[in-house]
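With our numbering as the guide, the letters of the sequence shown map in order to residues -7 to 296.
To start, the structure under review is shown below, and the notes come after it.
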Amino acid sequence: MRLPPTRGQCHAVFLLVHVAGLGVRQNRDQWVTAARQRSTIAALSFDLASAADALLDWGLAKSLPSIAVGHPLNQFGHAADYSSLKGIAGVLLRRRPPVWLRAAVVDGLLRRELVPSDDLNALAWLGDDLDDLLIAVHADALASSDDEFLGQLGRAGELIVMDALRAIGRPARHVALISDAFGYDIECGGQSKIEGLEVKTAFAKTSDRFFLSRNEFDISQRMSGRWHVVQVVLSSKVAASGIVTGGDVEMIRELPASMVRELAPADERHFRWLESAMFSPSEGQWISSALSVGQGFHFDLEAR
-7 MRLPPTRGQC
3 HAVFLLVHVA
13 GLGVRQNRDQ
23 WVTAARQRST
33 IAALSFDLAS
43 AADALLDWGL
53 AKSLPSIAVG
63 HPLNQFGHAA
73 DYSSLKGIAG
83 VLLRRRPPVW
93 LRAAVVDGLL
103 RRELVPSDDL
113 NALAWLGDDL
123 DDLLIAVHAD
133 ALASSDDEFL
143 GQLGRAGELI
153 VMDALRAIGR
163 PARHVALISD
173 AFGYDIECGG
183 QSKIEGLEVK
193 TAFAKTSDRF
203 FLSRNEFDIS
213 QRMSGRWHVV
223 QVVLSSKVAA
233 SGIVTGGDVE
243 MIRELPASMV
253 RELAPADERH
263 FRWLESAMFS
273 PSEGQWISSA
283 LSVGQGFHFD
293 LEAR
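Next up, the structure:
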């Protein structure tokens, strides 16, 4: 069964849940046949077999000793109204979250521009409820693993910068692999003139801001002209593919420590650092980077 679920697919699941509650279905074929017999003419095109296989494969139904649909799906088998179909969609999405969902929910809001158009069309039947449903699914199913994904995304950006530095013959150390205490991710130069590069990875729609820890900020001011933010902007399609290639790098740009100082509040009596602070430079404050990643770059976000 294709995900995300269309209204028709949710209706197919409803029929399967409904007939499972009406009597004993000894096996998958009996279950599908019983659901098909209760279908309206308009619903005869539903792929009930694929829906049944998905419910069994995903652990939403079991086949031994006979077909049984458990919680939470069994509460949506009484009426094929919008509320039930939306509930079914929520169950399916939580069980198999779309690969793009992690990137599409930013700061508690759904960025529809980060949702593939085909999937957005498939979910259009949810109307005004779509954003709230996907945000809730994200919170329930993905929030706990977001840090891991963002960590891998950040690592991809760091490796892109390392690749670009190697391409121009510039020695560099990936110090982020050693410790966060450096206050930057990549170290260039020798003992007498070390340069620190703090790499921030973003998608186009999230590239208007970045976060710095207090340690990173303090180090930036101590190193002054030898410290830069390097922002790597990636295509949003990597959220769906799980692969970052050289062709996915849309832009690399830099922000000097002096500009970071300008963006920070001058009077810290009215400003308190927590774990980090958000900085939002204007487009004109960024400087285009001379770094360029090779087309052969490849990084699997699922790799560990």
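Even glycine gets a Cβ: it sits at the ideal position worked out from N, Cα and C.
Query: As a quick exercise: from 156, 20, 215, 199, pick the residue whose alpha carbon is nearest that of residue 288.; Result: 156
Query: Which runs of the alpha helix (DSSP H) spanning at least 4 residues fall entirely within the stretch 212 to 250, listed in chain order?; Result: 230 to 233
Query: Using the three-state DSSP reduction, which class does residue 11 fall into: helix, strand or coil?; Result: helix
Query: Could you tell me the distance, in whole angstroms, from the CA atom of residue 87 to the CA atom of residue 210?; Result: 43 Å
Query: For residue 277, which residues of its own chain have a beta-carbon under 7 Å away from its beta-carbon, when the five flanking residues on both sides are left out?; Result: 247, 251
Query: From residue 284 to residue 108, what does the alpha carbon distance come to, in whole angstroms?; Result: 27 Å
Query: Out of curiosity, what's the CA-to-CA distance linking residue 245 and residue 214?; Result: 22 Å
Query: What distance in whole Å lies between the Cβ atoms of residue 79 and residue 68, which are believed to be in contact at a cut-off of 8 Å?; Result: 5 Å
Query: At the level of alpha carbons, what is the spacing between residue 58 and residue 16?; Result: 7 Å
Query: Per DSSP, which residues does residue 83 bridge with? Please list them.; Result: Bridge partners of residue 83: none, in fact.
Query: Give the straight-line distance between the Cα atoms of residue 225 and residue 182, rounded to the nearest whole angstrom.; Result: 28 Å
Query: Out of 219, 232, 249, 56, which one is the CA nearest neighbour of residue 185?; Result: 219
Query: Roughly how far, in whole angstroms, is the beta-carbon of residue 121 from the beta-carbon of residue 102, given that I think they are within contact range, below 8 Å?; Result: Between residue 102 and residue 121 the Cβ distance is about 11 Å, and since that is not below 8 Å, they are no contact.
Query: On the criterion of 16 or more Cβ atoms from any shown chain inside 10 Å, does residue 253 qualify as buried, or is it exposed?; Result: exposed
Query: My understanding is that residue 106 touches residue 228, with C-beta atoms under 8 Å, so please give their C-beta distance in whole angstroms.; Result: 5 Å
Query: Would residue 290 be called buried (16 or more neighbouring beta carbons within 10 Å of its own) or exposed?; Result: exposed
Query: Indicate the three-state DSSP secondary structure (helix, strand or coil) for residue 0 in the structure shown.; Result: helix
Query: Given a cut-off of 8 Å, decide if residue 20 and residue 55 are closer than it, judged by their beta-carbon atoms.; Result: yes
Query: From the DSSP secondary-structure annotation, give me the bridge partner or partners of residue 252.; Result: Paired residues: none, contrary to the question.
Query: If you follow the beta strand (DSSP E) that residue 178 is in, where does it begin and where does it stop?; Result: 178 to 180
Query: Using only alpha-carbon positions, find the residue among 243, 195, -6, 140 that is nearest to residue 230.; Result: 195
Query: Go ahead and pull the three-state DSSP assignment for residue 268.; Result: strand
Query: Leaving out five residues before and five after residue -2 in sequence, what residues of the same chain have Cβ atoms less than 6 Å from its Cβ?; Result: 114
Query: Give every residue of the same chain whose Cβ lies closer than 6 Å to the Cβ of residue 145, excluding the five residues on either side of it in the sequence, and list them in chain order.; Result: 193
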